[in-house]
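Report on the following structure.
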Amino acid sequence: MLQPGAELSPQAAAFEAIRKRRLRHVGEIAIKGFLSLCAAVSLITTVLIVLVLFSESLTFFDHVSFSDFFLETEWQPLFEPVSFGIWELVAGTMNVVLWSLVLALPVGLAAAVYLSEYAHPRTRRVLKPLLEALASVPTVVYAYFALSVVTLDVLRPAFGNDVPIFNSLSASIMLAVMILPTIASISEDAMASVPRDLREAAYGLGATRLEVSFRVVVPAALSGVAAAVLLAIARVVGETMIVAIAAGSTPNLTLAPLEGIQTMTGYMLQVGLGDAARGTIDYQSIFAVGMMLFLITLLFNIASTMLVNRFREVYE
Amino acid sequence: MAVRSDPVSLRSSGAVARRQALSRVSRYALLAASLLGVAVLIYLGYETIREGASRLSWDFISSYPSRFADRAGLRSSILGTAWVMGATIVVAFPISIGTAIWIEEFAPRNRLLTLVKLNLANLAGVPSIIYGILGLALFSRYLGLGPSILAGALTLSLMIIPMTVIASQEAIRQVPPSIRDGSLALGATHWQTVRHHVLPGAMPGIMTGIILSVSRAVGETAALIMIGAFTFIAFDNTKLTDDFTTVPIQIYNWTIRPQPEFRQNAAAAIIVLMVAVVSLNLVAAIIRERFRRD
Chain A
56 MLQPGAELSP
66 QAAAFEAIRK
76 RRLRHVGEIA
86 IKGFLSLCAA
96 VSLITTVLIV
106 LVLFSESLTF
116 FDHVSFSDFF
126 LETEWQPLFE
136 PVSFGIWELV
146 AGTMNVVLWS
156 LVLALPVGLA
166 AAVYLSEYAH
176 PRTRRVLKPL
186 LEALASVPTV
196 VYAYFALSVV
206 TLDVLRPAFG
216 NDVPIFNSLS
226 ASIMLAVMIL
236 PTIASISEDA
246 MASVPRDLRE
256 AAYGLGATRL
266 EVSFRVVVPA
276 ALSGVAAAVL
286 LAIARVVGET
296 MIVAIAAGST
306 PNLTLAPLEG
316 IQTMTGYMLQ
326 VGLGDAARGT
336 IDYQSIFAVG
346 MMLFLITLLF
356 NIASTMLVNR
366 FREVYE
Chain S
145 MAVRSDPVSL
155 RSSGAVARRQ
165 ALSRVSRYAL
175 LAASLLGVAV
185 LIYLGYETIR
195 EGASRLSWDF
205 ISSYPSRFAD
215 RAGLRSSILG
225 TAWVMGATIV
235 VAFPISIGTA
245 IWIEEFAPRN
255 RLLTLVKLNL
265 ANLAGVPSII
275 YGILGLALFS
285 RYLGLGPSIL
295 AGALTLSLMI
305 IPMTVIASQE
315 AIRQVPPSIR
325 DGSLALGATH
335 WQTVRHHVLP
345 GAMPGIMTGI
355 ILSVSRAVGE
365 TAALIMIGAF
375 TFIAFDNTKL
385 TDDFTTVPIQ
395 IYNWTIRPQP
405 EFRQNAAAAI
415 IVLMVAVVSL
425 NLVAAIIRER
435 FRRD
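Residue numbers (this note's numbering), protein chains in the order written: chain A, 56 to 371; chain S, 145 to 438.
Set out below in structure tokens:
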């Protein structure tokens with residue numbers, strides 16, 4: 056014990072110092088070990104996702120052949136005669152991706168151009184966080200609006216009362232609101248990183264602000280805009296609550312906006328709601344569909360990251 | 145010397161005037177597009193309050209769910225949300241900070257680190273329902289936890305860890321290297337430097353990231369439904385192995401019923417949920433502003 060003011064022989068003091076340093080060293084190693092364990096959690100998560108999706112999908116494909124899964128056009132797993140053609144669900148997902156992009160892309164791009172090229176810095180400081188607030192709204196809230204506000208108060212008055220209560224357009228409209236900040240914010244970042252010289256050269260040639268924005272800045276920021284769109288697609292593909300509540304639960308091979316459809320995520324949630332017993336075919340089917348979903352979102356996310364990295368390399 | 149009869153005008157005419165007019169008008173069209181999202185947000189907020197405000201009362205907050213719309217309330221779902229969020233924070237907080245510290249301070253700069261970073265970026269993009277079926281297969285079924293609070297919290301933890309790690313990394317990178325060098329030069333070990341100098345400096349940023357992730361988790365519905373949390377709960381949760389329900393699940397439950405009275409309940413529950421989400425975001429914004437390093 057080292058008391059304040061207590062005298063220690065030089066030898067004992069040296070001994071004490073070595074002992075402390077060694078303890079510190081051991082502690083240091085233990086902490087480093089703990090930290091690398093923490094980092095391993097995320098790697099293990101990925102391994103587990105792939106493992107679970109693979110192993111349950113494999114048992115699914117014991118019962119349903121690969122060719123049925125990819126070549127049949129009916130998805131009817133819950134009633135006789137059962138049929139597992141994934142394309143109806145993929146078509147449902149593509150349906151909402153298509154219509155939500157048709158709505159969100161022009162608006163998001165226009166907002167990005169305004170924020171980057173037109174807005175006073177003070178306006179931007181207010182407007183951008185407000186726009187990004189749309190991303191923090193829980194999707195079950197958007198789902199409620201899709202069903203009770205969009206379909207009943209907007210679509211039925213606009214397109215007549217034979218619009219089905221569950222339709223892909225109501226879901227797509229709320230999905231568009233959900234991805235608007237993704238598209239606007241990431242595109243704006245890309246536009247802001249376009250070098251000033253390009254703009255000034257165009258202004259020097261007599262171009263107006265509108266022409267500079269859409270003929271110089273937008274083309275120069277195109278890979279960033281594309282990255283934003285790919286990210287938005289990945290989010291729409293993975294979104295569950297909005298499509299499960301508002302788009303219906305009837306698998307339908309169509310891209311028409313005013314029809315009831317079912318997406319991949321919508322099907323998974325439907326099975327999740329009923330307590331599917333382990334080992335049954337519908338329990339396994341959600342992993343096969345999940346596998347498909349995982350691969351599609353992974354593809355879009357990776358493509359988006361690669362594009363973002365590319366436009367960084369060009370301008371920084 | 146010829147004298148020009150017409151005065152020189154800088155005002156453009158013809159095609160140039162048209163282009164300039166178009167450009168001037170475009171400002172308002174583009175502003176309208178930027179305001180559209182905000183307008184939708186305000187409209188939806190107004191609709192919800194109009195629909196649900198009359199249902200908000202202490203009874204609504206403190207009653208169990210019921211098959212009668214006017215007697216149903218949020219008690220078990222608010223308690224369930226609190227339990228799941230608490231457990232999620234306890235699990236995700238240390239793991240996220242640990243991972244971020246390892247990446248920024250201790251990791252060898254090699255291919256393993258690139259792999260870990262790439263993996264985190266991809267995990268952040270994995271849809272929540274995939275975490276849901278992972279939780280279902282792994283925690284609920286394989287580990288036998290069932291649709292319990294613990295299974296829900298573990299599932300949500302895996303979901304938010306990538307987000308919180310990325311935010312924490314950002315915060316740790318903001319701490320100037322001179323502080324580390326100073327501490328190391330005085331003989332502090334690597335960990336002491338991190339513990340006493342890097343972490344305190346990075347804490348506001350880390351807290352902001354964690355609060356934002358929690359606000360994401362509070363609204364999460366699909367992942368919890370997948371592990372089997374779509375159940376009728378009419379008791380107060382007391383332990384981690386209890387079954388549970390949450391506010392967003394209750395909103396889902398009320399939204400899909402055809403009766404308009406339940407839709408009112410859904411709107412009222414949305415007000416409660418949004419108050420929670422907005423408060424969390426406000427707290428995060430306040431922390432960020434207060435500790436902003438200029």
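Using N, Cα and C, we set each Cβ at its ideal position, and we do this for glycine too.
#1: Should A:Ala302 and A:Ser223 be called a contact, given that it needs their Cβ atoms to be closer than 8 Å?
#2: Drop a sphere of 10 angstroms on the beta-carbon of S:Leu154, count the other beta-carbons inside from all chains shown, and report buried for 16 or more, exposed for fewer.
#3: Considering only their Cβ atoms, is the gap separating S:Ile393 from S:Ala410 smaller than 8 Å?
#4: Quick one: which chain A residues come within Cβ less than 7 Å of S:Ile369?
#5: Run down chain S in chain order and give the residues with a C-beta less than 8 Å from the C-beta of A:Asn150.
#6: If you draw a straight line from the alpha carbon of A:Asp123 to that of A:Gly147, how long is it in whole angstroms?
#7: For S:Ala124, which residues of its own chain have a beta-carbon under 7 Å away from its beta-carbon, when the five flanking residues on both sides are left out?
#8: Provide the residue span of the alpha helix (DSSP H) that contains S:Asn409, from first to last.
#9: Using 10 angstroms around the beta-carbon of A:Glu71, count the other beta-carbons present and answer buried if the total reaches 16, otherwise exposed.
#10: Would you mind reading off the limits of the alpha helix (DSSP H) that contains S:Arg285?
#11: Tell me the DSSP bridge mates of A:Phe115?
#12: Measuring alpha carbon to alpha carbon, tell me which of S:Ala268, S:Glu405, S:Asp380 ends up nearest S:Ser206.
#13: With a threshold of 8 Å, are at least 3 pairs of Cβ atoms found where one atom belongs to the segment 327-337 of chain S and the other to the segment 296-313 of chain S?
#14: Return yes when the Cβ of A:Gly163 is within less than 8 Å of the Cβ of A:Ala275, no when it is not.
#15: Would you mind stating whether A:Ala198 and A:Ile316 have Cβ atoms separated by less than 8 Å?
#16: Looking at C-beta atoms only, is the number of pairs between the segment 247-266 of chain A and the segment 318-327 of chain A that lie closer than 8 Å three or more?
#17: With 16 as the cutoff for other CB atoms within 10 Å, does S:Ile430 come out buried or exposed?
#18: Kindly say whether S:Thr337, judged by its beta-carbon, lies nearer than 8 Å to any beta-carbon of chain A.
#19: At a Cβ threshold of 8 Å, is S:Ala346 touching chain A?
#20: Just tell me which of S:Val235, S:Phe283, S:Leu417 has its CA closest to the CA of S:Ile193.
#21: Which same chain residues end up closer than 8 Å to S:Ile222 when comparing Cβ atoms and leaving out the 5 residues on each side of it in sequence?
#22: What residues of chain S sit near A:Ile341, judged by a beta carbon separation below 7 Å?
#23: Along the chain, which unbroken stretches of the alpha helix (DSSP H) at least 4 residues long are found entirely within the segment 180-258 of chain A?
#24: Do you know how far the Cα of A:Val209 is from the Cα of S:Leu368?
#25: Compute the Euclidean distance between the alpha carbons of S:Thr352 and S:Ile274, then round it to the nearest angstrom.
#26: Out of curiosity, what's the CA-to-CA distance linking A:Phe109 and S:Leu259?
#27: Cβ of A:Ile297 within 8 Å of Cβ of A:Met347?
#28: By the criterion of Cβ-Cβ separation under 9 Å, what are the contact partners of S:Glu191 in chain C?
#29: Give a yes or no on whether the minimum CB-CB distance between S:Thr243 and chain A is below 8 Å.
#30: Can you tell me whether DSSP reads A:Gln317 as helix, strand or coil?
#31: What residue range does the alpha helix (DSSP H) around A:Phe124 cover?
#32: Anyone know if the C-beta pair for S:Gly296 and S:Ala378 falls short of 8 Å?
#33: What distance in whole Å lies between the Cβ atoms of A:Phe355 and A:Ala289, which are believed to be in contact at a cut-off of 8 Å?
#34: Whole-angstrom Cβ separation of A:Val393 and A:Arg254, contact assumed at under 8 Å?
#35: Between the alpha carbons of A:Gly321 and A:Thr295, how many angstroms are there, rounded?
Judging by the given coordinates:
#1: yes
#2: exposed
#3: no
#4: Leu324, Gly327, Leu328
#5: Neighbours of A:Asn150 on chain S: none; closest Cβ ~17 Å, over 8 Å.
#6: 18 Å
#7: Residue numbering for chain S in the displayed model covers 145 to 438; residue 124 of chain S lies beyond these limits and cannot be assessed.
#8: 404-434
#9: exposed
#10: First-last for S:Arg285: undefined, no H or E at that position.
#11: Looking at the DSSP assignment, A:Phe115 forms no beta bridge with any residue, so it has no partner.
#12: S:Asp380
#13: no
#14: no
#15: no
#16: no
#17: exposed
#18: no
#19: no
#20: S:Leu417
#21: Ile205, Val391, Val416
#22: Ile277
#23: 194-200, 211-214, 223-247
#24: 31 Å
#25: 26 Å
#26: 21 Å
#27: no
#28: Looking at the structure shown, chain C is missing, and the protein chains on hand are A and S.
#29: yes
#30: coil
#31: 121-126
#32: no
#33: 4 Å
#34: Residue 393 of chain A falls outside the range modelled here, since chain A spans only 56 to 371, and no answer is possible.
#35: 6 Å
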